[in-house]
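Asker: Residue numbers (this note's numbering): 42 to 310.
1. Return helix, strand or coil for residue 84, following the three-state DSSP convention.
2. With C-beta atoms as the reference, is residue 284 less than 8 Å away from residue 308?
3. Of the choices 102, 69, 49, whose alpha-carbon is the least far from that of residue 261?
4. Note down, in chain order, each residue of its chain lying with its Cβ closer than 7 Å to the Cβ of residue 64, except the 5 sequence neighbours on either side.
5. So, is the C-beta of residue 209 closer than 8 Å to a C-beta in chain B?
6. What does DSSP give as the partner residue(s) for residue 298 in the beta ladder?
7. Just to confirm my understanding: we take residue 121, look at its own chain, exclude 5 residues before and 5 after, and list those with CB closer than 8 Å. What are they?
8. Taking the C-alpha atoms as reference points, what is the distance between residue 191 and residue 199?
9. Could you name the residues of the same chain whose beta carbon sits closer than 6 Å to that of residue 193, not counting the 5 residues immediately before and after it, in chain order?
10. How long is the line joining the alpha carbons of residue 176 and residue 145, rounded to whole angstroms?
11. Going by beta carbon distance, what residues of the same chain come within less than 8 Å of residue 137, once the five residues before and after it are set aside?
12. Based on the DSSP output, what are the partners of residue 312 in its beta bridges?
13. I'd like the list of long-range same chain contacts for residue 123, defined as Cβ closer than 8 Å, with 5 residues on each side in sequence excluded.
14. Given that a residue counts as buried once 16 or more other Cβ atoms are within 10 Å of its Cβ, and exposed if not, what is residue 149?
15. Helix, strand or coil: how does DSSP classify residue 258 here?
16. Is residue 229 near residue 168, with beta carbons less than 8 Å apart?
17. Using beta-carbon positions only, say whether residue 78 and residue 59 come within less than 8 Å of one another.
18. Quick check on the burial criterion: 16 or more other C-beta atoms within 10 angstroms. Buried or exposed for residue 249?
19. Write down the C-beta distance between residue 165 and residue 131 rounded to the nearest angstrom, noting that I regard them as a contact closer than 8 Å.
20. Give me the residue from 240, 51, 101, 66 with the minimum Cα distance to residue 81.
21. How far does the alpha helix (DSSP H) with residue 177 in it reach, from first residue to last?
22. Please list the terminal residues of the continuous beta strand (DSSP E) segment that includes residue 273.
23. Apply the 10 Å Cβ neighbour rule to residue 110 and answer buried if 16 or more other Cβ atoms are within range, or exposed otherwise.
24. In three-state DSSP terms, what is residue 249?
25. Please name the residue in 243, 128, 85, 157 whose C-alpha comes closest to that of residue 268.
26. Beta-carbon within less than 8 Å of residue 94's beta-carbon, same chain only, minus the 5 sequence neighbours each way: which residues are those?
27. Consult DSSP for residue 141 and reduce its assignment to one of helix, strand or coil.
28. Alpha carbons only, please: which of 76, 215, 61 is nearest the one belonging to residue 49?
Right, dumping it as structure tokens:
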């Protein structure tokens with residue numbers, strides 16, 4: 042039984058039964074943080090109270106799903122990594138007629154759009170050869186991603202995030218605090234629903250992003266999730282993980298560090 046008790050486990054069972062999310066793959070601390078946040082918003086004090094509220098309220102089940110699956114993101118998160126990625130994209134576009142890139146999970150789309158903008162903004166990258174797929178488990182996140190409109194808030198300064206580009210106005214239009222990705226950027230990116238845990242690997246990708254997911258996954262499942270992404274790469278394909286993540290020990294013989302500090306790796310045969 043969970044260290045947090047029987048009622049917490051009952052909440053997890055309800056999630057497993059009624060929400061399109063598999064809590065057993067995620068570490069307990071992460072689940073508890075997200076559930077506790079929803080408890081505060083729903084004004085319930087115990088897991089038993091929250092369970093009753095969850096069972097009787099379809100809107101809360103949807104809100105909990107969003108809380109469990111949508112993580113913090115922004116354009117060009119960790120700018121040093123994006124600058125380190127430039128030569129990788131330059132090499133790929135010079136050597137391949139078609140380059141497939143996967144962003145998994147893509148949340149609200151800012152990561153795959155960042156890649157598209159970087160490619161368009163760098164004269165040494167042939168952006169016409171790049172196709173980007175963003176996948177996520179959340180339908181709401183994917184709807185937001187396809188819309189491509191983002192708003193500056195107290196905690197998110199989009200104009201500052203885009204300062205890595207030479208001319209951001211070529212790639213977004215601004216209306217007061219709202220920024221909308223242009224059609225030239227959107228045309229490089231497609232989105233689809235994909236559960237990395239349940240649906241497993243894809244194939245044929247030259248570059249894959251799997252940033253800041255593994256830190257939430259329970260230790261028992263980190264390796265299969267990582268392997269699903271790694272096995273989707275062609276030989277010589279590149280992988281980017283989060284700045285606090287690394288290649289699992291069991292897979293290190295299959296990857297060389299291109300830029301260890303920025304967590305960019307290359308798959309070897």
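No residue lacks a Cβ here, since even glycine has one placed at the ideal position from N, Cα and C. Everything numeric in this text was worked out from a predicted model, so none of it was measured.
Answerer: Let me spell this out:
1. coil
2. no
3. 69
4. 53, 56, 57, 72
5. Here chain B cannot be found, since the structure has a single protein chain.
6. 306
7. 302, 303
8. 8 Å
9. 199, 218
10. 5 Å
11. 170, 247
12. Past the edges of the chain, shown from 42 to 310, lies residue 312, and the structure says nothing about it.
13. 117, 155, 159, 205
14. buried
15. strand
16. yes
17. no
18. buried
19. 5 Å
20. 101
21. Taken as a continuous stretch (DSSP letters only), residue 177 belongs to no alpha helix (DSSP H), being part of the beta strand (DSSP E) at 171-177.
22. Element bounds for residue 273: n/a, residue is neither H nor E.
23. buried
24. strand
25. 243
26. 83, 85, 101
27. strand
28. 76
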